[in-house]
Every structure is written in C-alpha cells, then in structure tokens.
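Peer 1: Pasting a structure here, questions to come.
Residue numbers (our numbering), protein chains in the order written: chain A, 6 to 368; chain B, 430 to 717.
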C-alpha cells in the first residue's frame, strides 16, 4: 500500500529517474565487468571474492563470476535499486533481512528439492526469515556468533565466560567494540537478561545504560578490519561482538586469540544466498548456490581469506585443523545458547541506531 | 561606415562564440558531475525514508538530535584545529623552501613535499595507526628510553585524527603558500628596507599581507577536504567520537536511509559554503 502511494508521488518519480541516471553512470564507470551477459553477476560480502572459492566454480562451468562487494543490507539494496532489472543474479544477505528483499519483489523462490537442506544445522536454517509465504527465498550458507573475542594470554579465560566482565573495571581500556549496532545491542540485551527476539522500545533505556558501560571500558569502536587489527596488535585484549570471524583467520599467526560463548549466550549471525527474480541466468545462479552449499564450496567459504565462519552445511569438507579452529564439535552446545540477531521493525531500528550514535558520542 | 560597424560587431560576436566554446566543456562537466547530483541529493533529502513523500523530517532530525549536533561540533572543532596547525607549520616550511633552499634544490624539495599525495588515504592512516598504537614506534621509543612506564593512549583519539590530517594538509598548504611567496617581487622587500623597516616589520606589514591570499586558499582547501573526510577519523579516531561524514555513512550501511544521509550532506555543504563566503568576504575587505 505504501509503495503504491509512493510510486505516484512526483518526488518519488523524480527520485527514481535520478536513481536510474545515477545507476546508468555507475554501471558505465564502475561495473564494466558486467559486459558479458553470460557471466554470473553476484552482489556479495568480501568472503565470496576469494579466488580460492570462485575459481573451481568458474573452471567447472566455464564462466566468469563478476562480484561487487557491499557492506550492510541498506547499501546492498540501494545498489540493486539503482541497477537495471537483470543486472544481478545472486546476492548474499543477512538472513534476517531476506524478507526485506522479498517485500521489494527482488527475489526468486529457491527449489528446496535441489538444495542440501537436510545437511544444514537445523538451528541456522532460520525459516522464520528465509521462508516467506511458504516459499524459500534464502538459504543460510555461513554463520557464527557475535560474542567475546579475546587474547587468552592477556585475560583470564574464566572471566570471558560472563558478559559482566565486559563492563568490569578489571578490563577498563582493554576492550574494543565491533562497530555494528544490531549484534552489540543484542549482546547488551543478553547481558541484562533480555531475549533478542523480544526487544521493544521499552527496553531501550536499559540497553543504553549497558552500552554506555561498555563504551566507558572501551578504547575504540571499530569496523571489521580496525577491530581485528586492534586485537591482533595487542592494542586491546577483548573484542565485544567478535567471534570466530575475527580470531579463526588469525589463529595460525597468533594462537593466543580465541573466542567464548559466555553463560548468558551469544548472538547468532547468519548470512544467506538469494537469487534475483530478474536474473537472466537462473540456471547458472542455482548452480552457483548449489556449489556454495556443497561440501567443497562450504569448506572454501568457511575459510575464506576475508574472514572465517562456520559453514551452514554439517558435511563441509573441512580439514581436522580447520574444524578445530572453528570449534566445529562444540557447535551443538554453542547453538543451544545462541540467540538470533535482533530484528526490529523500521521504527525501532531507527531508534536503536540513534541510541548507538549516542553511545558513540559518549565520552 | 556601416561595414566598419558590422565588422566591429562581428569581432566580439566571434570572440563570444569562442569563449563559449572554450567554457562549454567545463560547464557541461560541472552540470553533469556537480549540479545534477546536487539536485538529486536535494530532492532525496526532502523525501521520507519509508513510503516516500515530501517531508522536512530529515532536516529537523539534525536540529533536534543532540548526537547529530555533536557530530557537527566535532567536525568543526577537528577541522579548525587541523587548519590552524597546518597553517602554522606550513608557513615556515614554505618560507624555508622559497627563501632558504637554493633554487637548484627546490625542485627536489617540492617533490618530497608532494610525496604524501602519492600514498592512499587508507595506507597513510593505517601507517599512522602503527606509529601511534600502544605497541607502536612512539610508545616503544618512550617506554624503551624510560621516559614513561605505561604506553600513552595516542591511537584511537582525536589527537590521532588531527595528526593524520595535518600530515597530509600541511604539504598542501606549503605548496599554495610557496607559490605565493615565489610570486612576490624582491622589490617589495627592498622598498621596505629603504623605508627603514627591519626584517620582522617587513614580514608582518609587507610579506604576510601579500601572502594572505595563498594562505586563505590553502586553508579553505584544507577546511573542505578535512570536514568531508571519512577515512582518517574512521581509522585513527577509533570511532570514539563521530564526525559528520561518519554519521552520513551510518545512515546508509544497514538502513539505506539515503534521504537522511542526503540531508546531512547538504547541511555539511552549507557549512562549507558559509566558510567559503566568509573567506571570500574577508579577503575582499583586506584588499579594500
């Protein structure tokens, strides 16, 4: 209903035309790699740009996978909005955001019988988000936890079993916070005994208080690279919001880095693959999704050079060493204690982001 | 008589045509890459994020949310500090380059001055992070020499952001001031000396006023580039305080709130415009 009224609005029409003009320019300037129509065009996160992941698929199918990285669902959906229908074939998206793409009419239902759904960890299928109106629009490919990453030679690992340590004076100035408001707000919710799925506006004052306590202990609030660098270089000893995606990739160089799932639990992050409704290469797009979900593809994705994470497929062809670093055998216990990302509606989402802004500005 | 009049008219007309022909590419470029995107941003800033439609909410949010205000205050403070420090450091550099360095070495010195421009923002900022970090060069030197027992908190602070910016902009300012100094005729100094002015008086009353345009141009460029930069504060500031470009980026990341991001960008541009007008007006008064 709202989209209909928006479509008739002169400002919206002008905005759409301007977006289209910008998109055409952007495509001309920046996406020259879309030139070959037979290629597969994928909107991805950085872990999918690893040649070790893409090459086997490209060679097996004699195609080129053109990738464009983005950060954040909003930025990804904006790229799609500013593109022509059919420009993109597949997209990596936060599992909780799959319905946002479905609402916009972007995604094609996936054939469940052609996907290894039976091999996926049941807790990460996230049917509440990936299945809309009885149809599957996304399949979880990789997951992990926003939890506590730490240097076990610098902190007491026993302390890392409780979220309360993050706000204790013992670790003042030794903490970094991962700069993404949803998972860290989720961790703050766990710390004050709230369920991430049940957060409402009434919880915001208590959440804000907890965030401000974390900030008071923190030396920095950094995005992926900055927070990982801070932990790796010893600038901080603890990373709030960092899990295996931070420590696993650095395990060889620095085995002292580890992560814990504290007694209060951790926030489960999960990324999905979706296929575009307007894709001109749906067969190839499905093949790509099948490759990524295959044991071989899953192992390569899980250990991608950009960041490591747990493969969604229980049969991922990981080596024993890789499984050890990812703590593969402990997953059933971790999953039992993990809670999903907060999935606020637009209004609460905005309020949460404003609360996050306030936290960042706090001294 | 009439033919003479005609030829007199034809000449300026041809001149006008040539002028337009020369100016048109630049105008087209400005129209395509500045005016149109700016109009698009303006319209976007007046639409609601959810559902479209005309609204001023995006602007009112800036004026009613103290965190947003604080981002602007932080941006202005950092920019002012960077500009002042850069000018204070750049002027002596430029002076030494123009007056003390022999002509044959000036080319090499200028090349060294522009070296920071050859490095990307990201690499430069991360390099500074390694210098300023707890285990970085400075802290190791200070703790190693026994001057301090505990490492100083240098990285992830406003100081780190300012250092990163100054490193880059001091050279930009040096170049603009150097160019200004080189244009000054030596006869000004001779005239001042003939009139009994000493070196300090000559500098304060002759050289400095004559190089003010160079300083102002450089300072304005520093202001514009500094207030709009996202990378340096993001990497070196540790997100311990938000500046306007970071606030703009936050709106885009997950929520894709381009209307609010546009409104914040337009407010940022308005501040830059005010700075430009103040700069231009001040220079005009000085000249008068």
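Glycine included, C-beta positions come from ideal geometry on N, C-alpha and C. Quick caveat, the model's predicted, so the values are computed rather than measured.
Counting only beta-carbon separations shorter than 8 Å, does residue 496 of chain B have a partner in chain A?
Peer 2: Yes, residue 496 of chain B counts as interfacial toward chain A.
Peer 1: Using only alpha-carbon positions, find the residue among B/505, B/571, B/596 and B/565 that is nearest to residue 548 of chain B.
Peer 2: Minimum Cα distance to residue 548 of chain B is reached at B/596.
Peer 1: If you measure from the beta carbon of residue 233 of chain A to each beta carbon in chain B, is any gap under 8 Å?
Peer 2: No, residue 233 of chain A does not count as interfacial toward chain B.
Peer 1: Using a Cβ-Cβ cut-off of 8 Å, state whether residue 563 of chain B counts as contacting chain A.
Peer 2: Yes - at least one Cβ of chain A is within 8 Å of the one on residue 563 of chain B.
Peer 1: Could you give the uninterrupted runs of the alpha helix (DSSP H) lying entirely in the stretch 170-198 of chain A, keeping only those of 4 residues or more?
Peer 2: Listed in chain order, the complete alpha helix (DSSP H) runs (minimum 4 residues) inside the stretch 170-198 of chain A are 186-196.
Peer 1: Within the chosen definition, does the stretch 516-527 of chain B reach the stretch 599-617 of chain B through at least 3 CB pairs nearer than 8 Å?
Peer 2: With a cut-off of 8 Å, the stretch 599-617 of chain B and the stretch 516-527 of chain B count as touching, because enough Cβ pairs lie within range.
Peer 1: Rounded to the nearest angstrom, what separates residue 263 of chain A and residue 282 of chain A at their Cα positions?
Peer 2: Looking at the two C-alpha atoms, the distance is approximately 41 Å.
Peer 1: So the alpha helix (DSSP H) residue 467 of chain B belongs to, where does it begin and stop?
Peer 2: 465-474 is the span of the alpha helix (DSSP H), which, as asked, contains residue 467 of chain B.
Peer 1: Rounded to whole angstroms, what's the CA-CA distance from residue 224 of chain A to residue 686 of chain B? Just pull it up for me.
Peer 2: One C-alpha to the other measures close to 29 Å.
Peer 1: What residues of chain B sit near residue 351 of chain A, judged by a beta carbon separation below 9 Å?
Peer 2: By Cβ distance, chain B contributes 478, 479 and 684.
Peer 1: Less than 7 Å between C-beta atoms, sequence neighbours within five positions excluded: which residues of the same chain meet that for residue 157 of chain A?
Peer 2: Excluding sequence neighbours, residue 157 of chain A sits near 261 and 263.
Peer 1: Beta carbon of residue 606 of chain B, beta carbon of residue 583 of chain B: below 8 Å?
Peer 2: Not a contact, by the Cβ cut-off of 8 Å.
Peer 1: Got a sec? Which residues, its chain only, sit under 7 Å from residue 39 of chain A by beta carbon, not counting five neighbours each side?
Peer 2: Because the pLDDT of residue 39 of chain A is 47, which lies under 50, any placement of that residue in the model is unreliable, and the number read from its coordinates should be weighed accordingly. Here the set comprises 32, 46, 71 and 92.
Peer 1: How would you list, in chain order, the residues of chain A whose beta-carbon sits under 8 Å from the beta-carbon of residue 499 of chain B?
Peer 2: What residue 499 of chain B touches in chain A: 366.
Peer 1: Which residues in the same chain have their Cβ closer than 7 Å to the Cβ of residue 104 of chain A, if we skip the five residues on either side of it in sequence?
Peer 2: Hits under 7 Å: 134 and 137.
Peer 1: So, do the stretch 163-175 of chain A and the stretch 323-341 of chain A have three or more beta carbon pairs nearer to each other than 8 Å?
Peer 2: The stretch 163-175 of chain A vs the stretch 323-341 of chain A: no contact.
Peer 1: In or out: residue 540 of chain B buried (at least 16 other Cβ within 10 Å) or exposed?
Peer 2: By the 10 Å Cβ count, residue 540 of chain B comes out exposed.
Peer 1: Kindly give me the distance between the Cβ atoms of residue 240 of chain A and residue 563 of chain B, rounded to whole angstroms, as I take these residues to be in contact under 8 Å.
Peer 2: The pair is a contact, with the Cβ atoms about 5 Å apart (cut-off 8 Å).
Peer 1: Which first and last residues belong to the beta strand (DSSP E) in which residue 145 of chain A is found?
Peer 2: Unbroken beta strand (DSSP E) run through residue 145 of chain A: 144-151.
Peer 1: Just list the residues that DSSP pairs residue 316 of chain A with in beta bridges.
Peer 2: Residue 316 of chain A is bridged to A/147.
Peer 1: Do you know whose CA, among B/635, B/574, B/579 and B/488, lies nearest residue 618 of chain B's CA?
Peer 2: For residue 618 of chain B, the nearest C-alpha among the options comes from B/635.
Peer 1: Under a three-way DSSP split, which group does residue 99 of chain A fall into?
Peer 2: Three-state DSSP puts residue 99 of chain A in a strand.
Peer 1: Can you name, in chain order, every residue of its own chain whose Cβ lies under 8 Å from the Cβ of residue 114 of chain A, other than the five neighbours on each side?
Peer 2: Contacts found: 140, 141 and 142.
Peer 1: Express the C-alpha separation of residue 510 of chain B and residue 203 of chain A in angstroms, rounding to a whole number.
Peer 2: Roughly 45 Å separates the two Cα atoms.
Peer 1: Please determine, among A/285, A/245, A/129 and A/273, the residue with the shortest C-alpha to C-alpha distance to residue 178 of chain A.
Peer 2: Comparing Cα positions, the closest option is A/245.
Peer 1: Assuming residue 52 of chain A and residue 311 of chain A are in contact, meaning their beta carbons sit under 8 Å apart, how far apart are those beta carbons, in whole angstroms?
Peer 2: Going by Cβ atoms, the distance from residue 52 of chain A to residue 311 of chain A rounds to 4 Å, so yes, they are a contact pair.
Peer 1: I want to know whether the stretch 645-664 of chain B touches the stretch 697-704 of chain B - three or more CB-CB distances under 8 Å.
Peer 2: Short answer: they touch.
Peer 1: Closer than 7 Å, Cβ to any Cβ of chain B: which residues of the stretch 77-88 of chain A, in chain order?
Peer 2: Answer set for the stretch 77-88 of chain A: 77, 78, 79, 80, 82 and 83.
Peer 1: So is residue 597 of chain B in contact with chain A if we call contact Cβ pairs under 8 Å?
Peer 2: No, residue 597 of chain B does not count as interfacial toward chain A.
Peer 1: Of all the options A/355, A/292, A/359 and A/325, which has the alpha carbon lying nearest to the alpha carbon of residue 65 of chain A?
Peer 2: Among A/355, A/292, A/359 and A/325, the Cα nearest to that of residue 65 of chain A is on A/292.
Peer 1: Between the stretch 203-227 of chain A and chain B, which residues of the former have CB atoms less than 9 Å from a CB of the latter, in chain order?
Peer 2: The stretch 203-227 of chain A vs chain B, Cβ under 9 Å: 220, 223, 224, 225, 226 and 227.
Peer 1: Please state if the CB of residue 267 of chain A and the CB of residue 152 of chain A are separated by a distance shorter than 8 Å.
Peer 2: Contact: yes.
Peer 1: Residue 671 of chain B touches chain A at which residues, Cβ-Cβ below 7 Å?
Peer 2: What residue 671 of chain B touches in chain A: 362, 365 and 366.
Peer 1: Using 10 angstroms around the beta-carbon of residue 699 of chain B, count the other beta-carbons present and answer buried if the total reaches 16, otherwise exposed.
Peer 2: With fewer than 16 Cβ atoms within 10 Å of its Cβ, residue 699 of chain B is classed as exposed.
Peer 1: For the stretch 640-695 of chain B, which segments carrying the alpha helix (DSSP H) assignment without a break, of at least 4 residues, lie completely within its bounds, in sequence order?
Peer 2: Taking only runs of at least 4 residues, the alpha helix (DSSP H) segments lying wholly in the stretch 640-695 of chain B are 660-665 and 673-682.
Peer 1: Report all residues from its chain with a CB closer than 7 Å to the CB of residue 676 of chain B; omit the five preceding and five following residues, and keep chain order.
Peer 2: The answer, listed in chain order, is 497, 500 and 693.
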